[in-house]
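Numbering (our numbering), first residue to last: 348 to 486.
C-beta atoms are modelled at their ideal positions from N, C-alpha and C, and glycine is treated no differently.
This report concerns only the one structure given below.
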């Protein structure tokens, strides 16, 4: 991973083999990004996407084997206790131009990943929600 400071945040390039979620969370720790948004594009290998099933109150996960275009990654940063959490969703496409999307749990960079991170000016905290069981943003 390489990054540079830009006017309102950071421009990040993840390289082949970088695990995108943990790599971006690591940068958030380094730069103390306790809130903010992220957007990005690139290519992923073996991404794991999820769909939250409200009835079961759990994520249904699916690993997509092979290489995929990362059409869009959108997400945000917040704190869960002392941890910085990256909550991101991704849209990917395969060689036949089929498109899939969901919560991004993991994925290895296949070619490159190009991301903009715009830190917020406050600390946003997450905590357990009684209805869903998820750690939602506390307002």
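- Per DSSP, the continuous beta strand (DSSP E) segment holding residue 435 begins and ends at 430-440.
- According to DSSP, residue pairing for residue 446 in a beta bridge involves 440.
- DSSP lists 357 as the beta-bridge partner residues of residue 352.
- Comparing alpha carbon positions, the residue from 412, 485, 481 closest to residue 439 is 412.
- Closest by C-alpha distance to residue 409, out of 352, 398, 402, is 398.
- Contact holds between the region 385-405 and the region 446-464, because three or more Cβ pairs, one in each stretch, are under 8 Å apart.
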